[in-house]
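Some notes on the structure that comes next.
Protein chains in written order, with my numbering: chain V, 1 to 618; chain S, 1 to 281.
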């Protein structure tokens, strides 16, 4: 075993000219500027070469920058599993972008990731810090207000016994093994400044002072004043002292056993503009502290109980912070409340991994057990459901994993047998439906990903199911493969009358394939219903307009109050207006002497989704 | 029950479709005839070895070497060497599917996890039984064919002379017991296989456990005697018991029962672990 000093010289990365003509778009063309940014501007290869030394052999096939480049591109494309990365690496454009001679299989990727020791993780953190500093140099901040860094921790429950997971305080599922990561967010840029992945049995504030010191090294410059904001889990002397030493500000919620008693002794002053809110300011020295610190208390009157009491009882919500800020107490209170945004980012970071689609499907198929809640299948409670009910269901969960050393026919024979007996003729039928009849006796090993996916669908319809559950069936497929699978799904629903329950994050695909949709965000059902009804009911419409002078049209339309939003891209105006205002738009353009080539109302599921979840419309 | 039988049959098909399954059979098929031919040509070495401790007290006239005595000596490979062929398959049977993700499709069928793991366990048992029986048949059969038949002289705590018919009967019992012994190794490896997602770990783990346990069970240290009953290797010599006179049925039954407990415990832990196993990633 040797420490590999990465030598990127032998790898020649050929520049790619993306084609964006009307008829052709280079596959994954969007990654070309990303590659340019990563490899040329950030010098990612050099950063890895200088700072990361994995205990691997010198005769390795793939360089670290190729593997990590693939992971970065994969994440950008929504891949979350090693198999997805493998599929992505089969793309020829991506292979050229990363200088890959052949695809990287998931085992190779997994093995390399497993080489990551604590030391390597630290080294990798140095790499990301180096890259962050390069990006931060481009920032320009106002020095009038302090820049805010939020500290928080989060619990992520896991199944099985992954390395480092431990039982600790897990509010969502008591007793479940979990991780308890520590995170620092830079409020200005909404970037995750630093993270520590810790076992679930670690207390929130453990090592917070050291974590802070590492965060400081990642801050974009020391010319600004900094405010570190955290919840009560971080109320500890070590952290506060470290922040004071750095001469930065802090705002941390207080956690003390005798806090109520301490607050009750203070003199509360009313705030003239808010009748139900009072504040107090005082200095207090907790046990183990070398000097007292400033505490700010806010109490908000919730209710006054008079019934059954000799004297009226005032019920307050108390909030207490330790801080070295000079702002007014109410401002401090509001400054802390803004921290809720940080909580949302953490949720977003956690939930980017999955909105809950695959988990829902896995629970439905009893591949994992739900920690809470219930569901019924064909009218039966899931706890009492006989496994025979699964004979009525066909399913394909993500990747179609078959026995590669067996033929497609043999694989189907086995699954038919386990489905309660299917005539041999049916196997030929399903192979015919998915157009694999001529390759039925070949080993699955020799199949392409698209063929495996079709075989996956074949196995799901073997036993004439009443419902087919498909989890991201077009994942990792090229455009042709996606089209084939889409047509197959439509044929199954149309010709055979099978209900298909499909999960996907490709809303365009869903719109073209499904009659009904349920949108899940961060594990919660946001909306469900008929796709066309949902789109019809919404008062959100995009109208695409092509005119002779789009720039001038855009600037005129922006001034109109009845228009919600105007964006200009590729000489096409995308105008957000209610449907009833569309004639007015036409009139407006004609009256202003524009030559209108087309006005196309467009309400896509994607736009609907983004509006629904308050995300920006592209 | 039907599903379990079908699943077991499919597991056997899967085992039979893998190249690694045949490593053991090919080795046995090549090695045994070679040994038998060598013994036929240079058989005196084996005879000397066997008679070494007896030659001061007895005088032997003629050749005592025949196929049965060679087969009897070959049974010694069942201690440490033969388990390699067992773990090669047993170590792969659960872990490889966990890694390949094939459980995902199987478990969306009406079959339960318990049935899947039980089917795999039964298939492992079938493979173990088949390979041990093939070893026994080739060893005894080729021994008689190539080296020749005759009475079996067993040199253990004295001399026991068994007629060919009686010896074959004892071999039959011995190999049935050997299946049980090898099944203990297989079930331990099966347990390791159900806990991991690669087949190398279970193979090395089982072998390491086996070697350590052998060392502990052969060391005649008083302090270690306390743990001897808890080491399954302490009962491994049960397949030599049928070559005693009279056959110690009570002792054999005791040892078989104890090994059975080990097998059951290993299977139970495997099943419990598999029921909770993460099969979605």
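Ideal Cβ positions, reconstructed from N, Cα and C, are used throughout, including at glycine.
{"Asked": "Any chain S beta carbon closer than 7 Å to residue 405 (chain V)", "Found": "yes"}
{"Asked": "Three-state class that DSSP yields for residue 228 (chain V) in the structure shown", "Found": "strand"}
{"Asked": "Classification of residue 5 (chain V) by the beta-carbon crowding that lies within 10 angstroms, buried from 16 upward", "Found": "Low per-residue confidence applies at residue 5 (chain V): pLDDT is 47, beneath 50, and the placement is therefore not dependable, though the value from the model is reported in the following sentence. Exposed: under 16 other Cβ atoms inside 10 Å."}
{"Asked": "Own chain partners of residue 114 (chain S) with C-beta closer than 7 Å, once the 5 adjacent residues on each side are dropped", "Found": "271, 275"}
{"Asked": "Own chain residues within Cβ distance below 7 Å of residue 120 (chain S), not counting five before or after", "Found": "11, 93, 94"}
{"Asked": "7 Å CB neighbourhood of residue 418 (chain V) in its chain, flanking five on each side removed", "Found": "none"}
{"Asked": "Residue burial classification, residue 212 (chain S) (beta-carbon count within 10 angstroms, cutoff 16)", "Found": "exposed"}
{"Asked": "beta-carbon residue 182 (chain V) near the ligand ADP non-hydrogen atom, thresh 6 Å", "Found": "With respect to the ligand ADP, the structure shown offers nothing to examine, as it has no ligands at all."}
{"Asked": "Alpha carbon of residue 526 (chain V) to alpha carbon of residue 608 (chain V), nearest angstrom", "Found": "12 Å"}
{"Asked": "Through-space distance from residue 85 (chain S) to residue 14 (chain S), alpha-carbon basis", "Found": "17 Å"}
{"Asked": "Residue 91 (chain V), DSSP secondary structure in three states", "Found": "coil"}
{"Asked": "Identified DSSP bridge partners for residue 567 (chain V)", "Found": "V:574"}
{"Asked": "Under 7 Å from the C-beta of residue 3 (chain S): neighbouring residues of chain V", "Found": "418"}
{"Asked": "Same chain only: Cβ atoms within 7 Å of residue 213 (chain V), ignoring 5 sequence neighbours per side", "Found": "242"}
{"Asked": "Residues in the region 92 to 114 of chain S having any Cβ partner in chain V nearer than 7 Å", "Found": "100, 101, 102, 104, 105, 106, 107, 108, 109, 110, 111, 112"}
{"Asked": "Closest residue to residue 395 (chain V) among V:460, V:411, V:151 (Cα-Cα distance)", "Found": "V:460"}
{"Asked": "Interface residues of chain V facing residue 279 (chain S) [CB-CB closer than 7 Å]", "Found": "367"}
{"Asked": "Validate contact between the region 203 to 222 of chain S and the region 98 to 111 of chain S using beta carbons, cut 8 Å, 3 pairs", "Found": "no"}
{"Asked": "Rounded C-alpha distance that separates residue 239 (chain S) from residue 411 (chain V)", "Found": "40 Å"}
{"Asked": "Helix, strand or coil at residue 495 (chain V) [DSSP, three-state]", "Found": "helix"}
{"Asked": "Selection of the region 5 to 31 of chain S by Cβ proximity to chain V, strictly under 7 Å", "Found": "6, 7, 10, 14, 17, 18"}
{"Asked": "For residue 82 (chain S), three-class secondary structure by DSSP", "Found": "coil"}
{"Asked": "Segment contact flag, the region 68 to 87 of chain S with the region 386 to 401 of chain V, C-beta cutoff 8 Å, min 3 pairs", "Found": "no"}
{"Asked": "Contacting residues, own chain, Cβ-Cβ under 6 Å from residue 214 (chain S) (five flanking each side not counted)", "Found": "233"}
{"Asked": "Residue 529 (chain V) versus residue 261 (chain S): straight-line alpha-carbon distance, rounded", "Found": "57 Å"}
{"Asked": "Unbroken alpha helix (DSSP H) run spanning residue 250 (chain V), endpoints", "Found": "Premise fails: residue 250 (chain V) lies in the beta strand (DSSP E), 249 to 253, not in any alpha helix (DSSP H)."}
{"Asked": "Under the three-state DSSP convention, the category residue 33 (chain S) falls into", "Found": "helix"}
{"Asked": "Check whether residue 299 (chain V) and residue 314 (chain V) have beta carbons under 7 Å apart", "Found": "no"}
{"Asked": "Listed by chain order, chain S residues near residue 414 (chain V) by CB distance under 7 Å", "Found": "10"}
{"Asked": "DSSP beta-bridge partners of residue 501 (chain V)", "Found": "V:469"}
{"Asked": "Option nearest residue 234 (chain V) by Cα separation, candidates V:563, V:255, V:136", "Found": "V:255"}
{"Asked": "Beta carbon of residue 453 (chain V) nearer than 7 Å to that of residue 370 (chain V)", "Found": "no"}
{"Asked": "Partner residues on chain S for residue 387 (chain V), Cβ-Cβ distance less than 8 Å", "Found": "110, 111, 112"}
{"Asked": "Residue 8 (chain S) burial status per 10 Å Cβ neighbour count (16 or more: buried)", "Found": "buried"}
{"Asked": "Min CB distance residue 441 (chain V) to chain S below 7 Å", "Found": "no"}
{"Asked": "Same chain, Cβ closer than 6 Å to residue 127 (chain S), neighbours up to 5 away in sequence not counted", "Found": "15, 89"}
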